[in-house]
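Colleague: The numbering of the sequence shown is the working numbering, which starts it at 12 and goes up by one. Every residue, glycine too, gets a C-beta built ideally from N, C-alpha and C. Here's a structure for you.
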Amino acid sequence: RNVYSDGAKVTALIAKIDGPKDGWETIFDAVIKESAIRNKKAQRQGLLKGIVSLFEKDPDVKYSNADQLPMLAFASEILGNLPYTSLSDPLFIVYHSSCIAALDGQGVLTQFAELLGGDVCDPNSEEDDIEKLSKQGKFDAAQLGLEAKGAEFGQLCVEAARILPLLKLKQFLRKAYNISEARVTSYVPSEKELIHEKGISISDGPPFSFTMKSILDADGSINWSNAVKIYSSFRRMMRDAEADDVHVDPEPTKSPKRTAKRKRGGSDQVVEESPKVSPE
């Protein structure tokens, strides 16, 4: 086994070298596989909820600490790559990720709108000027009159970056385990595990890996380039999440993959088209 290296990034992934069948696992896979928790739903949910709760905002502070963002990226990799064998586990994560994103994410969007003079009643109805200019590589904080608002904009981007891994994680898990929107909508954490949803395995493909560049420089000043990428990615994914929430698929097109051996492989992919994700 080799620790997966991604530059200076600390990752929860371990590369497995097993003859011709190399793959990936998290640093906690062995703990799950070798303990009784694997067969006890309540204990599994307790573990998963403990990790997901790291993404919740501390009500006693105005802004989250930017130093915590690498830990959250690490936590999201654990949640995205644990060896789940029952669909109730990724569903549990998707459920709580959606709750946090809906509650905290809408608040952050409203705060951005208040700061930037947007529509606070509908703060994310479409792509705004900042997103368009960022996409074109023409963003200039001075021309938009944002330099004086840099400190607050940067802090709000830290809040967005706290939620962004959950949005990416939800998207990844739904695709990796073939979870339909109808199943997401009908799921409640207290329901009994369904027999046909046991014995599943993740689809073949690259592991979930989340990276982001620093929003604040060493002196605490905003890095506009990185911050605007976070801002744009956050707004886009919140719109996508809202669209998913109002659209229900009739039935899953195919059932979760079952009994196949869990396998990982592949290399780094383009950010917007693969599970290897970052806000860029």
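Going by the DSSP bridge assignment, what does S97 pair with across the sheet?
Modeller: For S97, which the question treats as bridged, DSSP gives the partners K209.
Colleague: Could you tell me if I207 is buried or exposed, where buried requires 16 or more neighbouring beta carbons within 10 angstroms of its beta carbon?
Modeller: For the sequence presented, residue 207 should be read as His rather than Ile. The residue is exposed, with fewer than 16 neighbouring Cβ atoms inside 10 Å.
Colleague: How many Å lie between A254 and E138 at the Cα?
Modeller: Whole-angstrom Cα-Cα distance: 14 Å.
Colleague: Taking DSSP's pairing of strands, which residues face S243 in a bridge?
Modeller: Paired residue(s): none; S243 is not in a bridge.
Colleague: For S243 versus I141, is the C-beta distance shorter than 8 Å?
Modeller: A contact, by the Cβ cut-off of 8 Å.
Colleague: Taking only the alpha-carbon atoms, compute the straight-line gap between L102 and A187 and give it to the nearest angstrom.
Modeller: About 12 Å.
Colleague: Classify A171 as buried or exposed, calling it buried when 16 or more other Cβ atoms lie within 10 Å of its own Cβ.
Modeller: Buried, because 16 or more other Cβ atoms sit within 10 Å of the Cβ of A171.
Colleague: Within the continuous alpha helix (DSSP H) that includes S8, where are the two ends?
Modeller: Lying before the first or after the last residue shown, residue 8 is absent from the chain, which here runs from 12 to 291.
Colleague: Can the beta-carbon of I111 be found less than 8 Å from the beta-carbon of I89?
Modeller: No. Outside cutoff.
Colleague: Is it a yes or a no for the stretch 62-78 touching the stretch 149-162, going by three-plus beta-carbon pairs under 8 Å?
Modeller: In short, these stretches do not touch, since the Cβ pair count stays below three.
Colleague: What residues in its chain sit with their C-beta under 6 Å from that of G161, if we drop five residues either side in the sequence?
Modeller: Counting only Cβ-Cβ distances below 6 Å, and skipping sequence neighbours, we find I233.
Colleague: Let me know if Q182 comes out buried or exposed under the rule of 16 or more other beta-carbons within 10 Å of its beta-carbon.
Modeller: Classification for Q182: buried.
Colleague: Which two residues bound the contiguous alpha helix (DSSP H) that contains K179?
Modeller: Where K179 is concerned, the enclosing alpha helix (DSSP H) stretches over G161 to A187.
Colleague: How long is the line joining the alpha carbons of A252 and L178, rounded to whole angstroms?
Modeller: When rounded, the distance between both Cα atoms is 8 Å.
Colleague: If you reduce the DSSP assignment to three classes, tell me which class F85 lands in.
Modeller: DSSP places F85 in helix when its eight states are reduced to three.
Colleague: Between G57 and S108, what straight-line distance do the alpha-carbon atoms span, to the nearest angstrom?
Modeller: Going by the C-alpha atoms only, they are around 15 Å apart.
Colleague: From what residue to what residue does the alpha helix (DSSP H) around Q147 run?
Modeller: D140 to Q147 is the extent of the alpha helix (DSSP H) around Q147.
Colleague: Would you please state the rounded distance, in angstroms, between the beta carbons of L184 and V239? I believe it to be under 8 Å.
Modeller: With a Cβ gap of about 28 Å, L184 and V239 do not count as contacting.
Colleague: Take Q122 as the anchor and find which of E202, F164 and G34 has the nearest alpha-carbon.
Modeller: Nearest of E202, F164 and G34 to Q122, Cα basis: F164.
Colleague: Determine the direct distance from the alpha carbon of K224 to that of V131, and round the result to whole angstroms.
Modeller: Taking the straight line from one Cα to the other gives about 28 Å.
Colleague: Who are the Cβ neighbours of Y95 in its own chain at under 6 Å, not counting the five residues just before and after it?
Modeller: P101.
Colleague: Following the continuous alpha helix (DSSP H) through E192, name the residue where it begins and the one where it ends.
Modeller: Per DSSP, E192 belongs to the alpha helix (DSSP H) from E192 to S197.
Colleague: For P70, does the count of other Cβ atoms within 10 angstroms reach 16, so buried, or fall short, so exposed?
Modeller: By the neighbour-count rule (16 or more Cβ atoms within 10 Å), P70 is not buried but exposed.
Colleague: For V119 and L80, which I take to be in contact (beta-carbon distance under 8 Å), what is that distance rounded to the nearest angstrom?
Modeller: Their Cβ separation, rounded to whole angstroms, is 14 Å, which puts V119 and L80 out of contact at 8 Å.
Colleague: Would you decide whether M249 is buried or exposed? Buried here means 16 or more other CB atoms lie within 10 Å of its CB.
Modeller: M249 comes out buried.
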